[in-house]
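Position in the sequence shown (from 1) plus 8 gives the number in my numbering. Note that beta-carbon positions come from the ideal geometry of N, C-alpha and C, so glycine has one too. Since we're looking at a predicted model, the values are computed, not measured.
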Amino acid sequence: MIWKGVIEAYRPFLPVTPTTPVVTLLEGNTPLIFSPRLSAKVGRDCKVHIKYEGLNPTGSFKDRGMTVALSLAVERGARHVICASTGNTSASAAAYAARAGIRCVVLLPFGKVSKGKLAQALMYGAKCVTVEGNFDDALRLVREIGKDKTFAIMNSINPDRIEGQKTAAFEIIETLGEAPDFHFLPVGNAGNITACWRGYCEWHAAGRSKKRPRMVGFEAAGAAPIVHDAVVEKPSTVATAIQIGNPASWKGAVEARDASNGLIGAVTDQEILAAQSWLASHEGIFVEPASAASIAGLLKCVESEGRPAESILLAPGSSIVCTVTGHGLKDPDTAIANSGEAIPCGPTVAAVLKIIGK
Ligand code: F0G
Numbered sequence: 009m010i011w012k013g014v015i016e017a018y019r020p021f022l023p024v025t026p027t028t029p030v031v032t033l034l035e036g037n038t039p040l041i042f043s044p045r046l047s048a049k050v051g052r053d054c055k056v057h058i059k060y061e062g063l064n065p066t067g068s069f070k071d072r073g074m075t076v077a078l079s080l081a082v083e084r085g086a087r088h089v090i091c092a093s094t095g096n097t098s099a100s101a102a103a104y105a106a107r108a109g110i111r112c113v114v115l116l117p118f119g120k121v122s123k124g125k126l127a128q129a130l131m132y133g134a135k136c137v138t139v140e141g142n143f144d145d146a147l148r149l150v151r152e153i154g155k156d157k158t159f160a161i162m163n164s165i166n167p168d169r170i171e172g173q174k175t176a177a178f179e180i181i182e183t184l185g186e187a188p189d190f191h192f193l194p195v196g197n198a199g200n201i202t203a204c205w206r207g208y209c210e211w212h213a214a215g216r217s218k219k220r221p222r223m224v225g226f227e228a229a230g231a232a233p234i235v236h237d238a239v240v241e242k243p244s245t246v247a248t249a250i251q252i253g254n255p256a257s258w259k260g261a262v263e264a265r266d267a268s269n270g271l272i273g274a275v276t277d278q279e280i281l282a283a284q285s286w287l288a289s290h291e292g293i294f295v296e297p298a299s300a301a302s303i304a305g306l307l308k309c310v311e312s313e314g315r316p317a318e319s320i321l322l323a324p325g326s327s328i329v330c331t332v333t334g335h336g337l338k339d340p341d342t343a344i345a346n347s348g349e350a351i352p353c354g355p356t357v358a359a360v361l362k363i364i365g366k
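If you want it as structure tokens, here you go:
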């Protein structure tokens, strides 16, 4: 079958009608890659698969929600779309708005958006505005501006975004033939954990899977409002995509955690960066720092087993999926700084051989 994007693939499960103008860049259908080395690290015959969402058209999972939200916004006659973003939502909204031929305005926390994402919003032709403060401040402004109904809000407070994002769970069930036992993912504004859980519940109810996974989300330690059950006024983490102190889908995330008997934990910046470079150098999968929170979280669960904090029992033979949400090229500066490698100069054959120890 030729892939036509998530709306055509999952039409009966999405809030579109036959007359909805479909705005798509053929998002979705991302690979679910078996990870032998991560499986070995987890041990006990567990199988770990990585859902590589960085291979969506704009390099993140946001495109799944954006195709649905933009299509419905166009159908309702929106002339402008607007969003606050730590970078990926803005890149995605800008691309889909360009595709639809409508105007896009993005509000970005000043100095906190990585270069790749900023380049995308600019190239796709969005009007970029920086906001003093953090993502939460930018989202507050968007809520205000969105009261003018000629603006359609493209953040996940728009329920159409969540609807589109749940398709990741459908794809995982289709590829594995069943839902996994555990689904690990990063948590920022908490839309994605809410969406994936909804996807699993809907297909379970429709008889397309026999079980539902335990949802295991990870916030960054310096931006962990759900873990601490309190708003974080000044969230801080190297994983700028999830530098959020007051997530819009807080309630949805808590429901997903509790209904699935799951967990929401925190990983430090050091753990995130270590997981990011480990995944790239051991599995050939390069993700941005926020995405590595799911991998760091899985490793933390393995290491802290038996201790209460980030402990969840991974039973022998468990099927585990980790979503990695965004491509590594989104944030080259952090990757280069994190690599710690001074690149030596080898102007002659002898010098090169010496450097590589041959
Ligand atoms: N990973 C990446 C790469 C993200 O960009 C985001 C969110 C998340 C994880 C967290 O997902 O918000 O659904 O819990 N980025 C938003 C943005 C906030 O503006 O691009 P979530």
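Nearest CA to the CA of residue i: which residue from the options?
i    : options                : result
G124 : P39, I364, P340, P352  : P340
L373 : K120, P117, I161, E140 : Nothing in the structure corresponds to residue 373, since the chain is present only between 9 and 366.
A86  : K155, P26, Q284, L287  : K155
T28  : P39, L34, E16          : E16
T183 : A350, K59, W286, E349  : K59
R265 : V224, A238, N166       : V224
R72  : Y18, V262, C353, S217  : Y18
E263 : S98, A203, L307, R52   : A203
P167 : G95, V137, G260, G215  : G260
A81  : H290, G334, K157, N200 : K157
A247 : M9, G336, P65          : G336
F118 : L130, C136, A102, A103 : C136
L307 : P20, G13, V50          : V50
A213 : D189, F178, I201       : F178
F190 : A304, A358, V113, P221 : P221
I201 : W211, I170, P188, G215 : I170
Do you know how far the Cα of residue j is from the Cα of residue i?
i    : j    : result
R206 : I110 : 30 Å
T75  : V275 : 31 Å
M105 : A134 : The displayed chain sequence assigns Ala, not Met, to residue 105. Taking the straight line joining both Cα atoms gives about 8 Å.
K242 : G253 : 7 Å
L271 : A345 : 31 Å
V56  : L321 : 15 Å
E140 : Q128 : 21 Å
N37  : L361 : 43 Å
S268 : I41  : 24 Å
N197 : P355 : 49 Å
E83  : T25  : 10 Å
S327 : S257 : 27 Å
F143 : K120 : 9 Å
E186 : I180 : 8 Å
K219 : L116 : 39 Å
G348 : W286 : 13 Å
G292 : V235 : 31 Å
G365 : A343 : 25 Å
R233 : V150 : Sequence inspection shows Pro at residue 233; the Arg mentioned does not correspond to that position. Cα-Cα distance, rounded: 21 Å.
P352 : D237 : 47 Å
E61  : P44  : 19 Å
S98  : C209 : 29 Å
A176 : S217 : 14 Å
Q173 : V239 : 25 Å
A323 : V310 : 11 Å
G199 : I363 : 47 Å
In chain order, what residues of the same chain lie with their CB nearer than 7 Å to the CB of residue i, ignoring the 5 residues before and after it?
i    : result
I153 : I90, F159
S47  : C54, K55, V56
L63  : T38, P39
S302 : F192, L193, P194, F226, C330, T331, V332
L147 : A92, N163, A256
A108 : V31, L78, V82
P297 : V246, A247, I280, L281, Q284, D339, T342
P188 : I180, P221, S327, I328, V329
Beta-carbon within less than 6 Å of residue i's beta-carbon, same chain only, minus the 5 sequence neighbours each way: which residues are those?
i    : result
A300 : I280, A283, Q284
T245 : A228, G230, A231, Q251, D277
V30  : I15, S79
G325 : D53
A103 : T66, Y132
I165 : A256
Leaving out the 5 sequence neighbours to the left and right, which residues in its chain are closer than 8 Å to residue i when beta-carbon positions are compared?
i    : result
G334 : E61, G62, G67, S68, F69, N96, A249, V295, E296, A298, S299
W11  : A17, L34, G36, N37
What alpha helix (DSSP H) runs, 4 residues minimum, are completely inside the segment 169-207?
175-184
Taking only runs of the alpha helix (DSSP H) that begin and end inside the segment 30-58, which ones reach a length of at least 4 residues, in chain order?
44-50
Unbroken beta strand (DSSP E) runs of length 3 or more, entirely within the segment 229-280: which are they?
271-275
Going along the chain, which unbroken runs of the alpha helix (DSSP H) with 4 or more residues stay wholly within the segment 114-145?
123-131
My parser needs the alpha helix (DSSP H) runs of 4 or more residues fully inside the segment 325-353; what are they?
340-347
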